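Asks:
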Amino acid sequence: GENVEQHPSTLSVQEGDSAVIKCTYSDSASNYFPWYKQELGKRPQLIIDIRSNVGEKKDQRIAVTLNKTAKHFSLHITETQPEDSAVYFCAASGSNYQLIWGAGTKLIIKP
Amino acid sequence: GAGVSQSPRYKVAKRGQDVALRCDPISGHVSLFWYQQALGQGPEFLTYFQNEAQLDKSGLPSDRFFAERPEGSVSTLKIQRTQQEDSAVYLCASSPGTGGLETQYFGPGTRLLVL
Chain A
1 GENVEQHPST LSVQEGDSAV IKCTYSDSAS NYFPWYKQEL GKRPQLIIDI
51 RSNVGEKKDQ RIAVTLNKTA KHFSLHITET QPEDSAVYFC AASGSNYQLI
101 WGAGTKLIIK P
Chain B
1001 GAGVSQSPRY KVAKRGQDVA LRCDPISGHV SLFWYQQALG QGPEFLTYFQ
1051 NEAQLDKSGL PSDRFFAERP EGSVSTLKIQ RTQQEDSAVY LCASSPGTGG
1101 LETQYFGPGT RLLVL
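Chains as they are written, first to last, in my numbering: chain A, 1 to 111; chain B, 1001 to 1115.
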């Protein structure tokens, strides 16, 4: 079955700097890769997603890149702000449309 | 419009007690998912419904876990004879159709604590 690995588990960056979170997946049939942001005690919120026919997608300060050959995808956040502090999860589509999730990255933005 | 809602938000159960967790998906959404999220971990898939049909229950950890969606809208996840290892946040998500490339919208979760 699908397995998703996410790194790093914790990332601390200075406000205004960029943050990069990386994920790898095992099932070459996966074709949908969303990123969710989860603040403490709250529901996961989709921030960006990419489908397998696209290599890169950008939405303001957030971008995701996908390398299907290498089976990895990354989240890039530029000009980080205090409100970006949260846990970020990557996921990959599995069988029957379920999502297989990474273990999460705790992003800390230092003022 | 209204998002996915879940109730109760918090549930404390004594070991051995049965619990029922409710999910109200976004109106008209065909697909409904249940996930279990342990503290400090990513959500793990439990089960998937397409309308009233439960198409995948491969993630249910034991036969103490049962889910239903009898009219293709509201869903209930039932856990019988709860154990301490069942303590987690139970998340429900829905998506509009049956496509695997669709966004899943999550509810706020039910935090279950089994004492």
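Glycine included, C-beta positions come from ideal geometry on N, C-alpha and C.
Since the structure is predicted, the reported quantities are computational estimates derived from the model, not experimental observations.
For chain A, find out if any of its Cβ atoms is closer than 9 Å to the Cβ of B/Gln1041; answer yes or no.
Replies: Taking Cβ atoms only, chain A reaches closer than 9 Å to B/Gln1041, which makes this a yes.
Asks: Quick one: does A/Ala63 have its CB under 9 Å from some CB of chain B?
Replies: No, because no Cβ of chain B sits closer than 9 Å to the Cβ of A/Ala63.
Asks: When the Cα of B/His1029 is compared with those of B/Gly1109, B/Leu1112 and B/Cys1092, which residue comes out closest?
Replies: It is B/Cys1092.
Asks: At 3 residues or longer, and completely inside the segment 1021-1074 of chain B: list those beta strand (DSSP E) runs for me, N to C.
Replies: DSSP runs (the beta strand (DSSP E)) wholly in the segment 1021-1074 of chain B: 1031-1037, 1044-1050, 1053-1056 and 1065-1068.
Asks: Compute the Euclidean distance between the alpha carbons of A/Val64 and B/Ala1038, then round it to the nearest angstrom.
Replies: Each residue's Cα considered, the two are about 26 Å apart.
Asks: Beta-carbon within less than 7 Å of B/Thr1103's beta-carbon, same chain only, minus the 5 sequence neighbours each way: which residues are those?
Replies: Closer than 7 Å at Cβ, skipping near neighbours: Ser1095.
Asks: Please classify B/Pro1061 as buried or exposed, where buried requires at least 16 other C-beta atoms within 10 Å of its C-beta.
Replies: B/Pro1061 is exposed by the Cβ-count criterion.
Asks: Quick check: what's the CA-CA separation for A/Arg61 versus A/Tyr36?
Replies: Each residue's Cα considered, the two are about 15 Å apart.
Asks: Express the C-alpha separation of A/Ile50 and A/Lys57 in angstroms, rounding to a whole number.
Replies: Taking the straight line from one Cα to the other gives about 7 Å.
Asks: Got a sec: which bits of the segment 42-55 of chain A sit with their beta carbon under 8 Å from any beta carbon on chain B, in order along the chain?
Replies: Answer in chain order: Lys42, Arg43, Pro44, Gln45, Leu46, Asp49 and Arg51.
Asks: Taking only the alpha-carbon atoms, compute the straight-line gap between B/Tyr1090 and B/Tyr1105 and give it to the nearest angstrom.
Replies: Using only the alpha carbons, I get a separation of about 14 Å.
Asks: Do the CB positions of B/Thr1120 and B/Ala1088 come within less than 9 Å of each other?
Replies: With chain B covering 1001 to 1115 only, the question about residue 1120 of chain B has no answer from this structure.
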